[in-house]
């Protein structure tokens, strides 16, 4: 055993996912000496691409790189570090029951044409709906790209920012303002049901907004979480989250960030209410004045701190953070593209198999009883079209998020149950893509319990803390830590469990780093 | 032609009667028109079977505002509230939990399931009392107006914000959590025992079309504690003579102030001429005139039924079509030959004098909700039972009893359509009895008569659209300045001279009486009355 | 309905007065006889036997037991030696007292903590991250108090010399006949005395053994009324009466810090973190926002003034035969500066005593205040003086058994 050595850094970042790397890069650009510690053998956290089968690579556990905030791309100059952005995102094919198809394009007019085939009334409504969203979007983006303010404890400067947002809201006009406030606490089912009669359309719109929540479309507050997710989409990165992570890593290194793998942090050392350093699993001590924890709030506050570091009410509040994972990942290696019956035209890159709002709701119901959905709906990506390096020539990979599979499955997960889940998911997709089975080369199913173990994600939750009305903005992940600082001096939260939520956004990391710099920490 | 009244109130429910009494006491000439033969709307007592008086719909008095009881001198006009001192939860495995007015006794009961929960139960109650203090001024006054540019309104909102700001952060956070979380998750912040959480959480979903795990149900838990903040006023209890006695006391107060009340006088429509309400037309053609018409029925019935889309802006009609009042509850009223016992706690004891909740676990409640979500009544429903005859001998012959069962969920929009409810009625009643029989063997054979009210019946008989007992769901998007519709949340309507005064306005349903009183005040303040 | 204590089979038949009250959900005797005097006299001149089982008791065991207790308590429990007992309090994060009690170190890694309020949940939540286990012994352990000048003699007969010769605030394992029990030299009367901790199933047997051992020493069963008088003479606080625990308080002004309760000596600030430390440090260092607002003091009311007041109404001066705990205002220069929360006539000191919480600026020993008194339906005040606590502090309370300490006061 080596004698424990003491090295000194300004700031240690725990976790090398997109948010962790964004925090590290931001701090380094401000001349701080930064060390990123990653417990596993590869950098990137849940955004790390892996070869899940010889010759076939993933783009990360999660696959939506349109959630990367432009703020991060700009501030860290990611395009200069190799990030390539698509100017127009791939359309999403909604695959409904009885072979129904509807394609959602980024362009509202093209989508309206698609909808018209199902309902003329809905096509018209869609135009009005998109227009209204367009008016709301600037308000949402203000909130996404700013550190959250607690309106009850805001200082003068923050009150100014809040007032500007309030003014922007008021300038929408009394009608729009009321509508905005009215719909946010509603359920997606009620809101979208009020606009559209086509169930497939409503479900296709709603589905994406449910990610990271413990909600179905009938849950009140699901409109709020939908806005926070769907209206945060920007241009999509080619190569998915893995490419984003690579660019961030390059940016971080270019600014002098040091990264170490197989360096699990066992404890954050606290003295006199402030961070002094970290202790690794191997016994090594690293001194630092600040720690940015991208590893998840519960882990940071409850597992890595000594029990006397947090007052009882803060420990209670940390223990109350909800992070019940409900999504499983399925990676599929294919010998050819994914072809949907009844869908000609350009290559299929995104598919959503939610047939209707009831299907979404029933899938969610299973979580309440600790079961996996009997009829899961799938969020399918085929990233190998945009990035052919992910698979051998002519071959493809599918990245599928399976909704829903609880982390705390009654009786526990084992290989048999994973195989069953895989079977259900593939059956669902095969119903829409009959050529699928013969093209499957390999599959790999990762259930939330494995996410918990492999990626040290509390509850196996990709967002580290559920997205919900009471775990949002200055209350994300809770009131004590909703603005990145924690009750322990020098310890900050900078992962997707902070604002804004999302393992792919990078903004939590960047904003947390800025908060640290402003507090003269790190 | 008879001299027009100052105000005609459509509907003799408790809010309409409170509005009438308040106006009458201010010297106005008021007429109340009730469709049924008996007053009270859903707060009504009826001798449905000879010798047995049922609180047909609403069966406990919990939130009737003390200031209304004082202002209208209701105690003098016959209002007597008997305390409900116990909440009893029998369990299928033979255990049971009872929560009493006596905190030490409650602590011991809870401790049998979880000593930790027993310790923190009092603290939870105190916290909820604090929450009630925060909310109280919002309930007892008209809704704030955040979109108004009127400085006075903004000052009002700032005042509310300041009150929140003055709280210690921990309490303020709790308040924000309470307003956004699900009842189950909110209770998880304190308690670990499912047996305790289930009956507690259920008060969050009464009258809603949500489950205990649905976000937005925690703040309704406050209802149960509002009585605490009214101090020892003890507004939570059974009205002697049934809930209708509340309405009758209010009617007595109204009559004493000169108000005229007519029953069996169904209003067919509001008379609108030149965009102004002039009076009403009864079924049968009789026209009655008034300077002001006040609707005591729910907003959709008011606007789309009694007024008509042609007199209203298109947007409001659209809003009313989408107004959520999905009824989710039913009622089974039983006349019993004798009272069977609970196997989990034998004996006709004090545990039966309060309310009994069939809510053995959160999963049970959630499954009950899931059934309704997909258009079926709960196979195993949540049932809240009260046996008023144990505390109030006046409602049943000696030795016999009345059992009042509130049931969730019974979705109005049942598969096959709401009109199929009459065919389902018997089965619905049977399900309730079968469920109760599991806890109280011998109940079915003790039943002399039964009355089953489905949401369809609540609509047909009591004029509650879609059988919703609150005249509109109490979800955040239909509360305060949004209730019943944005821009029309202060008792006025687009039709000049037409006002609204019932649960479909702020602060909502729950037998508070506040809508009726606040509407009357608004009318008097506005000046044209 | 309260439940019975493990000693109920013995205390119930003896309670001729039928005067009971509820203590922590148990039936507890107020006084066995119709007057309190004989029981009080037993406590001060012979030996009283009191059922104190309703106390909440928790066993804390394990390598981190001391560390856990030191995190919870304001005092540093790691300094407690094996066989030693300490009195103190624990606070919430804001430095407000939740409850007070004792902690006894029964073994190298084994402690027993007592509390007035149920505390399992608080202890369990704090125990996270500590290598220690908790056991709620409130039901399984019965407790008797043996208090008074002849209590040592009783204990010697009951358990032998090791127990009888215990020093003040120390404990030991002992045997009484065939029974195993813990004995601590602790108590709530402010006098020489002991507490016996035994398995609840052995309670009745222990009672019988104690009564037998005490037969020649004037042992008498004593109820809570007499205990109340003696604890007031000793200047001891009663939770819920003299202060409101932080978890029961509804508004902040109802809470108290240890300094405000005169328990500053039980607060060890210069050490690692414990719950409430930072708030308490701020208070102790007197920084403006944290400075103590109030202080708990002992008051002695002027006897002459009381006599004169009654004389004015042609009444003989009446002395309360029991302690009182209805809060009455305390004034200075015509303005209310606090409240008296409990008090009693002390037969031993021949004085009217009270415990009061007053503004910090009015709490110095010697300060003259006015205590409200109602005589003949009229509200008056009588002068009262702030005095040191305890009011009654006999040398025998702390004296070793070697010294000739078994005489009366």
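Residue numbers (the working numbering), protein chains in the order written: chain X, 16 to 537; chain D, 122 to 650; chain Z, 14 to 422.
The C-beta atom is built at its ideal place from N, Cα and C for all residues, glycine as well.
Since the structure is predicted, the reported quantities are computational estimates derived from the model, not experimental observations.
Distance from the CA atom of residue 218 (chain D) to the CA atom of residue 314 (chain D), rounded to whole angstroms, is 11 Å. For residue 156 (chain X), same chain residues with a beta-carbon under 8 Å away, outside a window of 5 residues either side, are 246 and 247 in chain order. DSSP places residue 271 (chain D) outside both helix and strand once states are collapsed to three, so it counts as coil. In this chain, the beta strand (DSSP E) harbouring residue 524 (chain D) covers 522 to 529.
At a beta-carbon threshold of 9 Å, the residues of chain Z lying near residue 225 (chain D) are 15, 35, 37 and 38, ordered along the chain. Within its own chain, the residues whose Cβ lies closer than 6 Å to the Cβ of residue 332 (chain D), once the five positions on either side in sequence are excluded, are 487 and 490, listed in chain order. Excluding its 5 nearest sequence neighbours in each direction, residue 375 (chain Z) has C-beta neighbours in its own chain below 6 Å: 345 and 350, listed in chain order. Separation of the CB atoms of residue 49 (chain X) and residue 39 (chain X) is rounded to 5 Å, and the pair is thereby assigned contact status at 8 Å. Selection X:124, X:151, X:208 and X:231 evaluated against residue 139 (chain X) yields X:124 as nearest (Cα-Cα).
Beyond the five residues adjoining it in sequence on each side, residue 24 (chain X) comes within less than 6 Å, by CB distance, of 48, 50 and 303 in the same chain, given in chain order.
Only 165, 166, 167 and 168 from the region 147 to 173 of chain X bring a Cβ to less than 9 Å from some Cβ of chain D.
In the structure shown, residue 70 (chain Z) adopts extended strand secondary structure according to DSSP, grouped into three states.
Residue 30 (chain Z) sits close to residue 44 (chain Z), with the two beta carbons spaced by under 9 Å.
Not one beta carbon of chain Z lies nearer than 9 Å to the beta carbon of residue 286 (chain D). In the DSSP assignment, residue 365 (chain Z) forms a beta bridge with Z:314 and Z:358. Taking 9 Å as the Cβ-Cβ cut-off, the region 245 to 272 of chain X has no residue approaching chain Z.
For residue 137 (chain Z), the chain D residues whose C-beta falls within less than 7 Å of its own C-beta are 237, listed in chain order. Judged by DSSP secondary structure, residue 207 (chain Z) falls within the beta strand (DSSP E) whose first and last residues are 206 to 212.
With contact defined as three or more Cβ pairs closer than 8 Å, the region 311 to 323 of chain X and the region 269 to 283 of chain X are in contact. The C-beta separation of residue 409 (chain Z) from residue 234 (chain Z) comes to about 22 Å, leaving the pair out of contact by the 8 Å criterion. Closest option to residue 578 (chain D), judged by alpha-carbon separation, among D:513, D:441, D:549 and D:519: D:549. What residue 250 (chain Z) touches in chain D, judged by beta-carbon distance under 8 Å, is nothing: the nearest beta carbon there is about 21 Å away.
The C-beta distance from residue 108 (chain Z) to residue 250 (chain Z) rounds to 17 Å, too long to fall under 8 Å, and the pair is not in contact. Between residue 393 (chain X) and residue 458 (chain X), the gap from beta carbon to beta carbon reaches 9 Å or more. Taking 9 Å as the cut-off, the beta carbon of residue 97 (chain Z) is found no closer than this to the beta carbon of residue 113 (chain Z).
The beta-bridge partner set that DSSP reports for residue 352 (chain Z) consists of Z:342 and Z:370. Close to residue 247 (chain D), with beta-carbon spacing below 7 Å, are these residues of chain Z in chain order: 263.
When DSSP states are grouped into helix, strand and coil, residue 283 (chain X) belongs to the strand group.
Considering only X:389, X:451, X:414 and X:384, the residue with the shortest C-alpha distance to residue 423 (chain X) is X:384.
As summarised for the region 305 to 365 of chain D, the continuous beta strand (DSSP E) elements at least 3 residues long and confined to that stretch are 358 to 360, given in chain order. Within chain X, 197 have C-beta atoms less than 7 Å from the C-beta of residue 603 (chain D), given in sequence order. Taking 8 Å as the upper bound for CB-CB distance, residue 464 (chain D) and residue 215 (chain D) are in contact here, some 7 Å apart. Within the region 81 to 95 of chain Z, the residues whose Cβ lies closer than 7 Å to some Cβ of chain X are 84, listed in chain order. Ranked by Cα distance from residue 446 (chain X), the options X:79, X:230, X:368 and X:22 are led by X:368.
Within the region 184 to 271 of chain X, the complete alpha helix (DSSP H) runs of at least 4 residues fall at 189 to 198, 203 to 210, 214 to 224, 237 to 245 and 255 to 269. Looking at the DSSP output, residue 286 (chain Z) sits in no beta bridge, so it has no partner there.
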